[in-house]
Amino acid sequence: MFIVLITQRDIILVQPTSFAAQFKRRMVAVFNKELLSWYLITLKLKETVEAAGAVPSTPSSSSRSVDLLPPKPGPQQTLDVIVEEGSRIEDELQKSTPDSDWVVSIRDKLDQACQDDVASTWAKLCIYKVPHCLREGDDRSYVPQIVSIGPYHHGKKRLRNMDRHKWRSLQQIIRRTEHDVKIYLNALKEVEEKVRACYEGPVGFSSDEFVEMMLLDGCFILELFRGATEGFKNLGYLRNDPIFAMRGSMHTIQRDLIMLENQLPLFVLDLLLGIQLGNPDQKGLVSKLAIRFFDPLTPTDEPLTKSSRNRLESSLGYATTFDPLSDQGSLHCLEVFRRGLLRSGPRPEPRLWMKRWSHSNRVADKRQQLQLIHCVTELREAGIKFKRRKTDRFWDVKFQNGVLKIPRLLIHDGTKSLFLNLIAFEQCHLDCSSDITSYVIFMDNLINSPADVGYLHYCGIIEHWLGSDAEVADLFNRLCQEVVFDTSNSYLSTLSDEVNRYFNHRWNSWRASLKHNYFSNPWAIISFFAAVILLLLTLAQTFYSVYAYYRPAN
């Protein structure tokens, strides 16, 4: 095969090398096949005619040499050779040209898939894009409203107003520490590849743009964390600062910083804070600051005791716990907040990929509802009582002697976004338990109607700031749509089995029905005893009447 190069004056036939083979296949397909065939026939004709008309340079005196030369082809033979060669070339073009681009594109895609399948590109992945099946119909709960952190939402028009405040935070740090900004840039350059590996898919930023984004976002987060603990005034900000003060926008900023797609790796924050404090190797302090900063988002209004806080911070303070490259280390602020919610509770256990998708997994959606436990109304009919459990661990549910003790749960306008992002993280991250998902599905089973919400509110278990009980019921019924859930891996599976066994015992249902119908209020109790006395008197009268009939008095 040949490559045809057409210039203004000449048509050049080039034999491709192995290096230019792919280029040849792409270029040949560009030309019209019929015109290309005629060009090749013409060139072959010219080459053959010149070869046939050439006179050998051997001397005429050597007849033996002349006899060894092949006979010159005739005109008809020359034309036949040209037509045959042109037909062969045209057939090859017709066979190879239509498939050449397609085959090349397939090979390019396979090469890209091979690069994507390298194990090192997935090992440190921890900041995910929320799957479309989870976010469908409720995109607002996963998208920041004021401030963007990381590359996923960087540069969006409605989030650019916060960029000037990020520069203000960096300038304040530089002025307070008297450091050269180049110190931070050089330190971030060294960990750039590790940071990129934490995000899903290729990050479309140049090296300088990516490092600048990490510096601005990281310094902004640290100023918020330190200001919430030490006071923004002590950091050099004015009391009427529009951002760095505990104002109304702070609650929205907290909600944005806890979203899964709006995270920065924790080791970046540790690195930046360590440079500010003169100890680049420190770890754990950022996690303690994050726990305090996100404490208002905790879905309970039970106060965190000082002893509980000290135990939590001490458990988070070990250097090995916050090794950025450790499988058990904290990953980002959302993961730190989740660990804070589950303190002293169920421990995450690494699970194999095949176990996650085993036959015991079920999809907890409205088409195939995963029923762990009956709703409040049905449980009450079976004699199960509900009582508020006084603890700041909202997930710590207990069942004993027919009493289901549930900690107080506070529901506000940010609770939905918080639970959805926690569930999304548990769904995406392999080495993560499904404890928050288990709790939400448990509450979803308990709540089927506004009446169930109303009774839990009456018991002091649910406190909400929404418009009505119906909105609360709708919130829980929508939280776990399209969520993959493993019943055998739920920390509430044993408790659910105990409740179901109690529910299925007939005597408990009969006793509950008797109590509900005849002992629900004082007047019902009086009526019940009056009916019993009347029944006893009637039986006594009947007995004596029959007795007197068979044994009359003398």
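Per the UniProt record's numbering, residue 1 is the first one in the sequence shown, and the count goes up by one each step.
Glycine included, C-beta positions come from ideal geometry on N, C-alpha and C.
These numbers come from a predicted model, not from an experiment.
Can you check DSSP and say which residues form a bridge with residue i?
| i | result |
| --- | --- |
| L404 | F386 and F399 |
| Y502 | DSSP output for Y502 lists no bridge partner at all. |
| I411 | H464 |
| Y199 | I127 |
Measuring CB to CB, does residue i end up less than 8 Å from residue j?
| i | j | result |
| --- | --- | --- |
| C480 | D444 | yes |
| G415 | E426 | For the sequence presented, residue 415 should be read as Thr rather than Gly. Not in contact: T415 and E426 (Cβ atoms no closer than 8 Å). |
| S249 | I183 | no |
| L495 | V397 | yes |
| V483 | I411 | no |
| E463 | R408 | yes |
| A424 | L260 | yes |
| P144 | H153 | yes |
| L404 | V499 | yes |
| K385 | G402 | yes |
| E192 | S207 | yes |
| P131 | F205 | no |
| F503 | L379 | yes |
| L235 | Q171 | no |
| F294 | Q254 | yes |
| Y455 | W395 | no |
| N240 | I149 | no |
| I441 | I406 | no |
| L271 | A187 | yes |
Need the endpoints of the alpha helix (DSSP H) that residue i sits in, please.
| i | result |
| --- | --- |
| V130 | Run containing V130: none; DSSP gives neither H nor E here. |
| R261 | It should be noted that the sequence gives Glu, not Arg, for residue 261. First-last for E261: undefined, no H or E at that position. |
| residue 558 | Any property of residue 558 remains undetermined from this structure, which presents the chain solely from 1 to 554. |
| T177 | D163 to T177 |
| L331 | From DSSP, L331 is part of no alpha helix (DSSP H); its letter is neither H nor E. |
| H153 | Segment: none, H153 is in no alpha helix (DSSP H) and carries neither H nor E. |
| G248 | Per DSSP, G248 belongs to no alpha helix (DSSP H) and is neither H nor E. |
| C375 | Note, C375: premise wrong, no alpha helix (DSSP H); not H, not E. |
| P450 | P450 to Y458 |
| R292 | L285 to F293 |
| F433 | The question names Phe, yet the displayed sequence has Ser at residue 433. Looking at the DSSP string, S433 is not in any alpha helix (DSSP H), and its letter there is neither H nor E. |
| T229 | S207 to E230 |
| K189 | V181 to E190 |
Between residue i and residue j, how many whole angstroms is the CB-CB distance? I'm expecting something under 8 Å.
| i | j | result |
| --- | --- | --- |
| L216 | W167 | 7 Å |
| I258 | N421 | 6 Å |
| F485 | I447 | Contact doesn't hold; Cβ gap of about 17 Å is too wide. |
| C126 | L331 | 4 Å |
| G227 | F244 | 6 Å |
| residue 564 | L222 | The shown model of the chain, from 1 to 554, leaves out residue 564, and the question about it has no answer. |
| V203 | L185 | The pair is not a contact, with the Cβ atoms about 18 Å apart (cut-off 8 Å). |
When you compare each of the options to residue i by their alpha carbons, which one comes out closest?
| i | options | result |
| --- | --- | --- |
| S488 | S417, L372 and V499 | L372 |
| R389 | F244, F399 and R380 | F399 |
| D281 | L289, F267 and R292 | F267 |
| A470 | D486, H165 and V453 | V453 |
| residue 585 | M214, S330 and D163 | With the chain covering 1 to 554 only, the question about residue 585 has no answer from this structure. |
| L269 | R160, A290, I106 and R255 | A290 |
| K124 | V532, R196, L341 and K288 | R196 |
| E335 | Y128, D474 and V376 | Y128 |
| W465 | A451, V440 and D413 | D413 |
| K233 | R176, C333 and D138 | R176 |
| V376 | A451, F337, C428 and C432 | A451 |
| H165 | V104, P242, D138 and V532 | P242 |
| residue 556 | E200, C333, L134 and T391 | Nothing about residue 556 can be reported from this structure: the residues present for the chain run from 1 to 554 only. |
| D256 | I525, M162, S490 and Y550 | M162 |
Establish whether the CB of residue i and some CB of chain C are separated by less than 8 Å.
| i | result |
| --- | --- |
| D256 | Looking at the structure shown, chain C is missing, and only one protein chain is on hand. |
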